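Heads up: the structure comes next, in structure tokens.
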Amino acid sequence: MELQKLHYDVANGIAVVTMDYPKNLNAIDEQMADELLYVVKLAEEDPDVKVVVFKGASKAFSAGGDIGYFYQLIQAGGKVNMDSLFDKVGKVTNGIKKMSKMVIASVSGAAAGAGVSLALTADFVICAENAKFIMAFVNLGLVPDTGGTYLLVKQLGEKRALELCATGRPLPAMEAKEFGIVYKVVPNEELEAATMKLAEKFAAGPLISYKNIKKQIYAASFADYEQYLTACEIPTQSECVASSDFCEGVKAFVEKRKAAFEGK
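Going by UniProt numbering, the first residue of the sequence shown is number 1, and it counts up by one from there.
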């Protein structure tokens with residue numbers, strides 16, 4: 001596959017996946033999802049890859065969905081159908097959770113919507129001080145996808161997960177570390193070095209042990225993950241996408257005004 005929205009580089013046993021589509025702040029659209037699926041499979045099957053790092057640009061890890069594209073469709077009177085996208089992003093996160101190799105997310109700037117879910121899927125999250133996590137779905141009249149709600153409930157418990165999903169408030173890097181979902185927070189200029197130091201440590205470690213630790217953790221905590229994605233996440237998000245509130249949320253976001261939701 002020809003990669004257009006991300007880069008995939010392997011050196012010294014470390015695969016670095018860099019999302020690089022500044023036009024929409026690394027939004028996870030259909031093409032980005034296809035490319036992520038491809039590199040997740042590629043890294044898993046490559047015997048030369050021992051550790052995988054996901055990163056974005058300094059300004060944003062990923063802005064989540066391509067709201068500008070949704071706005072254009074809505075304005076043109078078209079129907080927004082994202083069932084295929086929901087299926088793909090679920091497979092991306094499940095592929096990362098099931099991966100036999102350690103996965104590190106290196107987060108600088110904003111991780112919003114599906115970008116939060118992608119970052120939290122990693123085994124270790126290292127953040128720059130300017131990083132912030134925003135479960136922005138509710139502001140568009142949507143529910144979290146890419147496994148977001150499931151991951152937050154597992155990592156934070158029901159109450160904190162509900163607060164972040166229902167309010168959509170930004171979660172700063174240091175607070176995320178206090179919550180236990182971020183491994184380390186470093187000055188912005190030290191993020192690259194700190195990420196690679198951890199990656200190099202894992203690349204030189206007991207890979208068979210790591211693989212089986214991950215397998216145990218998946219069995220203990222994520223055995224029903226695929227069922228959640230297909231039986232709950234996709235149908236609930238699809239209902240929200242079909243609502244008038246979603247159209248209003250998208251329009252309000254692009255037009256920089258407060259949304260007037262009607263619960264319809």
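Beta carbons: idealized from backbone N, C-alpha and C, even for Gly. Small disclaimer: the values here were computed from a predicted structure and weren't measured.
Asked: Residue 250 by DSSP, collapsed to three states: which one?; Found: helix
Asked: Going straight from the alpha carbon of residue 136 to that of residue 79, what length do you get?; Found: 21 Å
Asked: So what's residue 196 in DSSP terms, helix, strand or just coil?; Found: helix
Asked: Against chain D, with Cβ distances strictly below 9 Å, would residue 103 count as a contact?; Found: You won't find chain D in this structure, because it holds only one protein chain.
Asked: Am I right that residue 3 and residue 35 are in contact with their C-beta atoms under 8 Å? What's the rounded C-beta distance?; Found: 5 Å
Asked: Tell me which same chain residues have a C-beta within less than 8 Å of the C-beta of residue 12, skipping the five on either side of it?; Found: 200, 203
Asked: Straight-line CA distance for residue 239 to residue 52?; Found: 34 Å
Asked: Using the Cβ count rule (16 or more neighbours within 10 Å means buried), how would you classify residue 145?; Found: buried
Asked: Select from 231, 247, 250, 242 the residue whose C-alpha is nearest the C-alpha of residue 90.; Found: 231
Asked: Rounded to the nearest angstrom, how far is the Cβ of residue 20 from that of residue 6, given a contact under 8 Å?; Found: 6 Å
Asked: Would you give the residue range spanned by the beta strand (DSSP E) that residue 55 belongs to?; Found: 51 to 55
Asked: Could you check whether the stretch 37 to 46 touches the stretch 99 to 114, counting it as contact only if at least three pairs of C-beta atoms, one from each stretch, sit closer than 8 Å?; Found: yes
Asked: Can you check which of these residues, 196, 225, 112, 224, is closest to residue 15 by C-alpha distance?; Found: 196
Asked: Start and end of the alpha helix (DSSP H) containing residue 152?; Found: 148 to 156
Asked: Leaving out the 5 sequence neighbours to the left and right, which residues in its chain are closer than 7 Å to residue 194 when beta-carbon positions are compared?; Found: 126, 184, 186
Asked: Between residue 151 and residue 121, how many whole angstroms is the CB-CB distance? I'm expecting something under 8 Å.; Found: 7 Å
Asked: Counting Cβ pairs, one atom from each stretch, are 3 or more of them under 8 Å apart for the stretch 109 to 118 and the stretch 53 to 66?; Found: yes
Asked: So the candidates are 221, 10, 258; which of them puts its Cα closest to the Cα of residue 48?; Found: 10
Asked: Using the DSSP secondary-structure output, state which residues sit across from residue 8 in a beta bridge.; Found: 17
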